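**Q**
Residue numbers (the working numbering), protein chains in the order written: chain A, 119 to 400; chain B, -19 to 449.
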């Protein structure tokens, strides 16, 4: 069992927890993920590591309540324990040789983008962060991003806070203004990452995207997390759990990834509704 | 006394019944039938059966005890060389191992060695009282990577010699392929759990949720005081066919499909892990894993399940018994057929149609057998213009796996061959001192018993290595 050390509500649908897992805390690097199960018989879900505390052995995770499992996790409190917690999995985000980086995060993806921005900042790179949310209520981690960015641009889709519009708008402006990023790294909804790639393409700036496909084991055994990369015009299959989760944004077949992400849509919606009702009864 | 030419039959669930449940197919011998079967053993001097067993179970000796009705003693004889008798009695391909060497088999059916092994193991599990006793500790530590058949065997053998053994398992449950891969109806999970429990009683520690190569490296294990490491990390990434359409929704690797159903218990109504159920399935491949996947799909409620295999029945690599069981249950074998494309739904008028991207059919080409290839089997050759479509809702690809890359990529000096299998010598020793390996991580997808054999060989070598240090 793995103890929940702290719990903090970041917004109505996003929660941050620190889980006691000293071996993982010692090893995890930005870009890597863990897999957890809330309880016996629970499903395995991957979550990206949002930070580690060596002193407490805590591993920070930030999750959006989207289904039955995240709902159940959100009902746990500090001091409670969860059944399983394994990691760090996946390949850390590559940071070598990057002097000037633009980190583009969307929604809960900002939770994953944040430690990446922090790492670049720690390594002395010039960090521009562009973070976008649907509205003011869903805003998370603004202070954390401000602390590790040379420049921070906050966007909301509805204009209820900071600048109105999509993250691609300020990105395009910066690129047109002649900003020379060594790398753009984008983490968020697939559709957003697809458009970040499209925005960057004419400028020839490398784009790293962080994929979050459906996974079961997370150790390179089941193959469920496969993504298709188009390399030299040919489709190549890669596994996000061992080859990723970071990939070259120009190679990813986003439409396929979006389609595959919806395979259990009906099952998940039903499960979430049932979970909600159960909790209502209690 | 006249020899009874045929094995005593093992009772099984009726095909029409078992096709809809996950209970075990074969029900096992009664004591009376076991004794009758044991009497068929000629107790010949040469004991060819023992040489046919990768872990050299003392077969005639244990059968002699069964004949006398001394079932617990029979079990102890099996257990002396096999750490997982109840498992082996169920999933070993005895027909190509011990039983194929049986003297009786020259003229008649061999002795039902596997059925007898299963019987004595089940007898023990039902009747034995008291726990296995942990032997006197020798204070030396060995780490095992992976809790599948090779790891558990290696752990058991070393624990019996007094080593302090820790088994590191990446998943949340011990057992490896015995848990995530082989379905309940062929190997009930409680049997695996019982075997793991027995190892714990011997003092073996099992640490789940630790991925060696990620959470800890092999080098760190040595720093932690382990004097030797055995890598039994198993088969890894599933192979796909590299044909168009393999990314449509409803295309699974057998590993994923079976893991969802077995490890994650997706077959249960209250399961938290989803799986596609019902409709029509095509399983591509002809091995035991393909049979397991097909029969699992059927039990999950599929209305039709095809096995699509590019060679003929003669070359089908699955165990005969599994093929027969599958046929009895109504699995439709489409032999000499090879998939060339998987077709998916696409609504040209509505890109948001929820059915978009789901499998609709598998396109196959008919094959004929040509000249023998490197494996000695006749090479299947496509028949021009013979393409046809099978309408299906899901496709399970079961054409093997490649070894897991995680350990190799974080262990300096660990040599692997060109397809990623860890290179070992005849003792299971890798290119690193003190690091041994066995099972699918070395050979690629093979059988439970050959993995156990490798675990056993490595345990003996590790013991010698540490004693001579």
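Ideal placement from N, C-alpha and C gives every residue a C-beta, glycine not left out. Note that the structure is a prediction, hence the values are computed from the model and not measured.
Could you work out which residues of chain A lie near residue 220 of chain B, taking near to mean beta carbons separated by less than 9 Å?
**A** 341, 344 and 355
**Q** So is residue 150 of chain B in contact with chain A if we call contact Cβ pairs under 8 Å?
**A** With 8 Å as the cut-off, residue 150 of chain B counts as an interface residue toward chain A.
**Q** For the beta strand (DSSP E) containing residue 318 of chain B, list its first residue and its last residue.
**A** 317 to 324 is the extent of the beta strand (DSSP E) around residue 318 of chain B.
**Q** Using the three-state DSSP reduction, which class does residue 222 of chain A fall into: helix, strand or coil?
**A** strand
**Q** Which two residues bound the contiguous beta strand (DSSP E) that contains residue 184 of chain B?
**A** From DSSP, residue 184 of chain B is part of no beta strand (DSSP E); its letter is neither H nor E.
**Q** Who are the Cβ neighbours of residue 281 of chain A in its own chain at under 6 Å, not counting the five residues just before and after it?
**A** Counting only Cβ-Cβ distances below 6 Å, and skipping sequence neighbours, we find 273.
**Q** Since residue 120 of chain B contacts residue 144 of chain B with CB under 8 Å, what's their CB separation in whole angstroms?
**A** 7 Å
**Q** If you follow the alpha helix (DSSP H) that residue 59 of chain B is part of, which residue opens it and which one closes it?
**A** 51 to 61
**Q** Going straight from the alpha carbon of residue 195 of chain A to that of residue 189 of chain B, what length do you get?
**A** 22 Å
**Q** With DSSP run on the structure shown, which of helix, strand or coil describes residue 240 of chain A?
**A** Secondary structure at residue 240 of chain A: helix, using DSSP grouped into helix, strand and coil.
**Q** With three or more beta-carbon pairs closer than 8 Å as the criterion, would you say the segment 210 to 221 of chain A touches the segment 169 to 179 of chain A?
**A** no
**Q** Ignore the nearest five residues each way along the sequence and tell me which others in residue 206 of chain A's own chain have a CB closer than 8 Å to its CB.
**A** If we look at residue 206 of chain A and ignore the five residues flanking it on each side, its Cβ neighbours are 142, 145, 146, 147, 150, 151, 152 and 167.
**Q** Who are the neighbours of residue 368 of chain A on chain B, taking C-beta pairs under 7 Å?
**A** What residue 368 of chain A touches in chain B: nothing, since even the nearest Cβ is about 18 Å away.
**Q** Can you check whether the CB of residue 91 of chain B is closer than 8 Å to the CB of residue 21 of chain B?
**A** yes
**Q** Just to confirm the assignment: which complete alpha helix (DSSP H) runs, minimum length 4, are found wholly within the segment 330 to 365 of chain A?
**A** 358 to 361
**Q** Go through its chain and collect everything with a Cβ distance to residue 301 of chain A's Cβ below 6 Å, but skip five positions before and after it.
**A** 216, 219 and 324
**Q** Helix, strand or coil for residue 129 of chain A? Go by DSSP, reduced to three states.
**A** Note: residue 129 of chain A maps to strand in three-state DSSP.
**Q** Can you grab the Cα-Cα spacing for the pair residue -4 of chain B / residue 305 of chain B, in whole Å?
**A** 11 Å
**Q** In the DSSP assignment, find the unbroken beta strand (DSSP E) run with residue 347 of chain B in it and report its ends.
**A** 339 to 352
**Q** Identify each residue in the segment 180 to 195 of chain A for which the Cβ-Cβ distance to at least one residue of chain B is less than 8 Å, and report them in chain order.
**A** 186 and 187
**Q** What are the residues of the segment 174 to 196 of chain B that lie near chain A, defined by any Cβ-Cβ distance shorter than 8 Å?
**A** 188, 189, 190, 191, 194, 195 and 196
**Q** Scan the segment 336 to 351 of chain B for residues whose Cβ lies nearer than 9 Å to a Cβ of chain A and list them as they occur along the chain.
**A** 336, 337 and 338
**Q** According to a CB-to-CB cut-off of less than 7 Å, which residues of the segment 40 to 74 of chain B neighbour chain A?
**A** none
**Q** For residue 322 of chain B, which residues from the same chain have a beta carbon less than 8 Å from its beta carbon, with the 5 sequence-adjacent residues on both sides left out?
**A** These residues qualify, in order along the chain: 223, 224, 225, 226, 228, 231, 339, 341, 342, 343 and 375.
**Q** Among residues of its own chain, excluding the 5 on either side of residue 215 of chain B, which ones have a beta-carbon nearer than 6 Å to its beta-carbon?
**A** For residue 215 of chain B, where only same-chain residues beyond five positions count, the Cβ hits under 6 Å are 381, 420 and 425.
**Q** Between B/147, B/152, B/177 and B/279, which has its C-alpha nearest residue 110 of chain B's C-alpha?
**A** B/177
**Q** With 16 other CB atoms within 10 Å as the buried threshold, where does residue 413 of chain B fall?
**A** exposed
**Q** With 8 Å set as the bound, which would you pick, yes or no: does the beta-carbon of residue 382 of chain A sit closer than that to a beta-carbon of chain B?
**A** Chain B places a beta carbon closer than 8 Å to that of residue 382 of chain A, counting this residue as a contact.
**Q** Mapping DSSP to helix, strand and coil, what is residue 180 of chain A?
**A** strand
**Q** Quick check on residue 24 of chain B: buried or exposed, where buried means 16 or more other Cβ atoms within 10 Å of its Cβ?
**A** exposed
**Q** Out of curiosity, what's the CA-to-CA distance linking residue -18 of chain B and residue 88 of chain B?
**A** 12 Å
**Q** Residue 436 of chain B to residue 184 of chain B, Cα distance in whole Å?
**A** 15 Å
**Q** Have a look at residue 449 of chain A and residue 129 of chain A and give me their C-alpha separation to the nearest angstrom.
**A** Nothing about residue 449 of chain A can be reported from this structure: the residues present for chain A run from 119 to 400 only.
**Q** State the Cα-Cα distance for the pair residue 312 of chain B and residue 199 of chain B, rounded to the nearest angstrom.
**A** One C-alpha to the other measures close to 49 Å.
**Q** Measure the C-alpha to C-alpha separation of residue 368 of chain B and residue 360 of chain B and round it to an integer number of angstroms.
**A** 17 Å
**Q** Measuring straight from C-alpha to C-alpha, what distance separates residue 290 of chain B and residue 371 of chain B?
**A** 18 Å
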